[in-house]
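Undergrad: This structure is in structure tokens; I'll ask about it shortly.
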Amino acid sequence: MNKTVNTNDQPTFSPPVEYDPQAVEMKWQDRWRERGTNAVDISGARDPYYALMMFPYPSAEGLHVGNLFAFVGNDIYGRFQRLQGHNVFEPFGYDAFGIHSENYALKVGQHPSSLIPQNIANFERQVQRAGLMVDWKQKLATTDPDYYKWTQWVFLQLLKKGLAYKKQAAVNWCPSCKTVLANEQVVGGRCERCDTPVEQRLLEQWFFRISEYAGRLLDNLDHLDWSDSTKTAQRNWIGRSEGAELVFPVETASGEKTDIRVFTTRPDTVFGATYMVIAPEHPLVEELTAPSERAAVEDYLERTAKQDLVTRKTSTEKTGVFTGSYAINPATEKQIPIWIADYVLMEYGTGAIMAVPAHDDRDFEFAMVFGLRIARVVCAEGDDPDSDFSSAYTGSEGARLVNSGEFDGMNVDAAKKAIVEMLATKALAKPVVNYRLHDWCISRQRYWGPPIPIIYCDKCGVVPVPESDLPVLLPYVEDFKPDDSGLSPLARHEDWYRVACPQCGGMARRETDVSDTFLDSAWYFLRYPSVGHDDVAFDRELTQKWLPVDSYIGGNEHAVLHLLYSRFVTMVLHDMGYFDFEEPYVKFRAHGLIIRNGAKMSKSRGNVVIPDEYIATWGADAFRGYLMFLGPFEEGGDFRDASISGVKRFLDRLWFSVVTAIDSGDAPAADDSADVMRKLHQTIKKVGEDTPRLSYNTAIAAMMEYMNVLRRGERTPRRHEVEPVVQLVAPFAPHIAEELWERLGHTESVFDAGWPSFDAALATEETVEIAVQVNGKLRGRLQVSRDTEKDEALKLAMADPTIAKFVSGEPKKIIFVPGRLLNIVV
RNA sequence: GCGGAAGUGGCGGAACUGGUAGACGCGCUGGACUUAGGAUCCAGUGGGGCAACCCGUGGGGGUUCGAGUCCCCCCUUUCGCACCA
């Protein structure tokens, strides 16, 4: 290499022109393909490691940096595990069904079945160009009949287990997408995709009984290696509440006796229940309505039914109507009026509440609007029990019961228990746990999804499609635009839905709804190892071998839904005996978001960054490195192209150093080689610790630091000083690592070379700089040997006049932290 | 309103269990080499001060020999959920 030393003692390097990222990257991508470097021996691999990333929706715009950021983060993790000796399976696939694709197809006037393959081809090109260690022989797409055949099979398993059922329900209806949305797809009362206000509609829908698994889904979280924020999100979504169900006897308008059951978390306040509210959809509404109130009630019901869910869910304005009937408060045994109001939701609890205006904000507000009685039964410490109300008192700490008969003076917790026990003796109460988690509506009145494998026969009723008849192919239809009939576009194709009943052979019709995209993605990780096995959804042995997933990386936007649904499906299949694990992902980490100019990237903002041109300019290795260096992987960061050059320079220097080391052959080590070796071993240690923690930015910084030490002054690097760095950098910049590894004379892939070990003794400094403080203020630094003791350090410090001048008289106290600092307190 | 996360130089960010704040990178300043350089290399770079020193991690208190880190109160940003009884 052309290194010369000028008279100013400043080394001059000629630019390392030989490093041509494009050429190197093309060469190695070809090599990997030819040699099958990234392919895994699915059935024979020992020490398997499943490094999964959330599969993307193959959009027409192609892969953007947000996708790539996530994929590269996973790839680094996977490659690192491979260097640790695991057989790493890093599959790739496409979540290609769904409203996204369908809407786009409608917009551009092309059929999704022709769009999707184009998009997939484009994604694949981009992913390969980025150099991911993907085993392409195991790829899948949810739109492939060989895949969705088994999605339909999963549906049938849930049906078999009694966990799929059909019911008519008020559902979220998007008037623009003309389809039903899951609760989860409604954001702030608006459609997640098109932002149109959502309305309610009544439709027959297929549901999965996920609520039955709420307790397990919640409890298992304690044992998962997931980030706490994700677990918290899941816990909140599941929403466990402990309380009691109380029974309020009532008499209907026609004089019949019946009960209304309510759920409450505050049974201690039952003496303060001065009225009762049932949801407009409550089954007893009709019977409880007195003739005199009929007109008013009907009017109110009509108004709320028309009301879209936005107003209903977001408005806190209290509306309601009196039924004309009364219930008996089981505690006071007094009559209380029964009201109908839309602030009580039929989907939660029992659809009826006991209203305690003195101790619940919503009940208080309602009572104020309608002039209902307010009775205080809990009194805060030091409060006057007879004072007036200006708001509800919802606290409980230090509070005592009042106006509650024999329970007066009890604290809230004791009263909760005692009152439920007392009412239970009359069969008027029992402790209950409630969850906010609703059953999962999987029906979609759309075209672009797997048809739900059900046949309706006039004679036999609801008949599941026999497993041997799967898949129920999604027919190619030109006219797939949804209409507002509430039916899927497939319902317009009689030739498709007319079918013989599998049981009696008579005339029957297919279910014309397709299933939710979340069902496609709720089991894809089970499929990857078994891709190519056309006789089963997932091969038993391969599944036991590779699953559960060792490490899963994905976006936090899926922290709740996708993760919850896939946990549920896994749990059900486990219960059916298909495999022996019940949680799909041992470890999950959410990556951060890449933003641009402080805003989330989106088409509408026009700030989407497509990686292609950056890769063309800087190379995939530099671009990967840059993405990982711009911030902590789990936090993301702002994309700004200015600083890519820093990572590129690092790779240039690495290249130059390695090539120089090779050229210098067996030249004797330089004088400072001990320092360099110490730094090298520290770097191996740090990169080995940071990488599995996904602390990629600091791992890269550590490697940069080492390069700075290595190149310090005019020294010529030696082979043993650079060779391990090639291994360290390999997960981050795989192409340049392979090339340099080959130039270093190796014939095997650097990814099969293992991870360099570090010498703990060598990695420790023998002399350290300790801080000297006087009264906690930094006054100087001392170079001492690592094992210097307190007295010795103090002596050295006092010998330094710049320190000693701050110490007058005898120190009161000496704090000494070996190897770190000395604090003299005077 | 409830819940989560976060406020550190001009910028992105380091600082693992309380122990030298600002690693690493970008940018900037000066210099070297150059016909030239947006290439490469060297040096410097939190603010103030000639200096000794002083001030600095959103603001205010506190605990401690010592606080970016722990505790209390407030402010700001951001992302979820929103009448769940």
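Each residue of the first sequence is one higher than the one before, starting from 3 at the first, in the working numbering. Don't be surprised by glycine CBs; every beta carbon is placed ideally from N, CA and C.
Grouping DSSP H, G and I as helix and E and B as strand, with all else coil, what is T662?
TA: Counted from its first residue, the first sequence places residue 662 at position 660. In this structure, T662 counts as helix in the three-state DSSP scheme.
Undergrad: Assign C179 to one of two classes, buried (16 or more other C-beta atoms within 10 Å of its C-beta) or exposed (fewer than that).
TA: To locate residue 179, count along the first sequence from 1; it is residue 177. C179 is buried by the Cβ-count criterion.
Undergrad: So, P285 versus A255, is the Cβ gap smaller than 8 Å?
TA: Here the question's residue 285 lines up with position 283 in the first sequence. Here the question's residue 255 lines up with position 253 in the first sequence. Cβ atoms of P285 and A255: not closer than 8 Å.
Undergrad: Could you give the uninterrupted runs of the alpha helix (DSSP H) lying entirely in the stretch 231-311, keeping only those of 4 residues or more?
TA: 287-290, 296-308
Undergrad: Looking at the secondary structure, which residues open and close the beta strand (DSSP E) in which V786 lies?
TA: By one-based count along the first sequence, residue 786 stands at place 784. Per DSSP, V786 belongs to the beta strand (DSSP E) from 779-787.
Undergrad: According to DSSP, simplified to helix, strand and coil, what is Q112?
TA: Working through the first sequence from its first residue, we reach residue 112 at position 110. Coil at Q112, not helix or strand.
Undergrad: Just to confirm the assignment, what range does the alpha helix (DSSP H) spanning A420 have?
TA: In the first sequence, counting from the first residue as 1, residue 420 sits at position 418. Residues 414-426.
Undergrad: Give a yes or no on whether the C-beta atoms belonging to P359 and A382 are separated by under 8 Å.
TA: Counting from one through the first sequence, the residue named residue 359 turns up at place 357. Counting from one through the first sequence, the residue named residue 382 turns up at place 380. Their beta carbons are not under 8 Å apart, which means P359 does not touch A382 by this criterion.
Undergrad: Using the C-alpha atoms, what's the distance from D22 back to S647?
TA: The count along the first sequence starts at 1 and reaches residue 647 at position 645. The count along the first sequence starts at 1 and reaches residue 22 at position 20. Distance between the alpha carbons of S647 and D22: 15 Å.
Undergrad: For K169, I'd like the list of residues in its chain whose CB is within less than 7 Å of its CB, leaving aside the five on either flank, ordered along the chain.
TA: Your numbering for residue 169 matches position 167 in the first sequence. Hits under 7 Å: Q207, F209.
Undergrad: Is it the case that the stretch 211-218 contacts the stretch 436-455, given that we only count it when at least three CB pairs across the two stretches are under 8 Å?
TA: They touch, by the three-pair rule.
Undergrad: Can you give the Cα-Cα distance for Q112 and R237, rounded to whole angstroms?
TA: The residue given as residue 112 occupies position 110 in the first sequence. The residue given as residue 237 occupies position 235 in the first sequence. Distance between the alpha carbons of Q112 and R237: 42 Å.
Undergrad: Quick one: Cα of T181 to Cα of I101, how far?
TA: Working through the first sequence from its first residue, we reach residue 181 at position 179. Working through the first sequence from its first residue, we reach residue 101 at position 99. Approximately 9 Å, taken between the alpha carbons.
Undergrad: Mind checking which residues open and close the beta strand (DSSP E) that includes K29?
TA: Walking along the first sequence from the start, residue 29 turns up at place 27. K29 -> not in any beta strand (DSSP E); alpha helix (DSSP H) instead, spanning 23-37.
Undergrad: Pull the bridge partners of S553 from the DSSP assignment, please.
TA: The residue labelled residue 553 in the question sits at position 551 within the first sequence. Answer by DSSP bridge pairing, in chain order: A53.
Undergrad: For the beta strand (DSSP E) containing Q775, list its first residue and its last residue.
TA: Working through the first sequence from its first residue, we reach residue 775 at position 773. Element bounds for Q775: 769-776.
Undergrad: Is F99 near P455, with beta carbons less than 8 Å apart?
TA: Your numbering for residue 99 matches position 97 in the first sequence. Your numbering for residue 455 matches position 453 in the first sequence. No, they are not a contact pair.
Undergrad: DSSP puts D148 in a beta bridge; with which residues?
TA: Start at 1 with the first residue of the first sequence, and residue 148 comes out as number 146. Partner(s): none; D148 has no beta bridge.
Undergrad: Pick helix, strand or coil for K815, following the three-state DSSP scheme.
TA: Position 813 of the first sequence, counted from the start, is the residue given in the question as residue 815. Judged by DSSP in its simplified three-state form, K815 adopts strand.
Undergrad: Please state the DSSP three-state secondary structure of M706.
TA: Position 704 of the first sequence, counting from 1, holds the residue named residue 706. Residue state, collapsed to three classes: helix.
Undergrad: On the DSSP letters alone, give me the boundaries of the beta strand (DSSP E) that S490 sits inside.
TA: For the purposes of this step, residue 490 is identified with residue 488 of the first sequence, where counting begins at 1. From DSSP, S490 is part of no beta strand (DSSP E); its letter is neither H nor E.
Undergrad: Expressed to the nearest angstrom, what Euclidean distance is found between the alpha-carbon atoms of I617 and A644?
TA: Position 615 of the first sequence, counted from the start, is the residue given in the question as residue 617. Position 642 of the first sequence, counted from the start, is the residue given in the question as residue 644. So the two alpha carbons sit approximately 14 Å from each other.
Undergrad: State yes or no: is the C-beta of L629 within less than 8 Å of the C-beta of V136?
TA: Residue 629 sits at position 627 when you count from the first residue of the first sequence. Residue 136 sits at position 134 when you count from the first residue of the first sequence. Going by C-beta atoms, L629 is not nearer than 8 Å to V136.
Undergrad: Taking the alpha-carbon positions, what's the S231 to L223 distance?
TA: Numbered from its first residue, the first sequence carries residue 231 at position 229. Numbered from its first residue, the first sequence carries residue 223 at position 221. S231 and L223: Cα-Cα distance of roughly 12 Å.
Undergrad: Buried or exposed: M578, going by 16 or more other Cβ atoms within 10 Å of its Cβ?
TA: Taking the first sequence and counting its residues from 1, the one referred to as residue 578 is at position 576. Counting the other Cβ atoms within 10 Å of the Cβ of M578 gives fewer than 16, which makes it exposed.
Undergrad: Can the beta-carbon of S398 be found closer than 8 Å to that of V414?
TA: Here residue 398 corresponds to residue number 396 of the first sequence, with the count starting at 1. Here residue 414 corresponds to residue number 412 of the first sequence, with the count starting at 1. Taking 8 Å as the Cβ cut-off, S398 and V414 qualify as a contacting pair.
Undergrad: So the candidates are P758, P820, E744; which of them puts its Cα closest to the Cα of V774?
TA: As a first step, residue 774 must be located in the first sequence, where it is residue number 772. It is P820.
Undergrad: Pull up the distance between the alpha-carbon of L290 and that of R296, whole angstroms please.
TA: Counted from its first residue, the first sequence places residue 290 at position 288. Counted from its first residue, the first sequence places residue 296 at position 294. Their backbone Cα atoms lie some 10 Å apart in a straight line.
Undergrad: Mapping the DSSP letters down to three states, classify W743 as helix, strand or coil.
TA: Numbered from 1 along the first sequence, position 741 holds the residue referred to as residue 743. Three-state result, W743: helix.
Undergrad: Please list the segments of the beta strand (DSSP E) lying wholly inside the stretch 600-654, counting only runs of 3 or more residues, in order along the chain.
TA: 638-640
Undergrad: Leaving out the 5 sequence neighbours to the left and right, which residues in its chain are closer than 6 Å to I355 when beta-carbon positions are compared?
TA: Along the first sequence, read from residue 1 onward, the residue named residue 355 stands at position 353. V264, V279, V346, listed in sequence order.
Undergrad: Give the DSSP-derived three-state secondary structure of W757 in the structure shown.
TA: One-based indexing of the first sequence puts residue 757 at position 755. Note: W757 maps to coil in three-state DSSP.
Undergrad: Should V731 and L656 be called a contact, given that it needs their Cβ atoms to be closer than 8 Å?
TA: As a position in the first sequence, residue 731 is number 729, starting the count at 1. As a position in the first sequence, residue 656 is number 654, starting the count at 1. Going by C-beta atoms, V731 is nearer than 8 Å to L656.
Undergrad: I think L65 touches Q130, with their Cβ atoms under 8 Å apart; what is that distance to the nearest whole Å?
TA: Against the first sequence, residue 65 aligns to sequence position 63. Against the first sequence, residue 130 aligns to sequence position 128. Incorrect: roughly 11 Å between the Cβ atoms, too far for contact.
Undergrad: Per DSSP, which residues does P694 bridge with? Please list them.
TA: Start at 1 with the first residue of the first sequence, and residue 694 comes out as number 692. According to DSSP, P694 bridges with nothing at all.
Undergrad: Tell me which same chain residues have a C-beta within less than 7 Å of the C-beta of F570, skipping the five on either side of it?
TA: Numbered from 1 along the first sequence, position 568 holds the residue referred to as residue 570. Result list for F570: I212, Y215, L219, in chain order.
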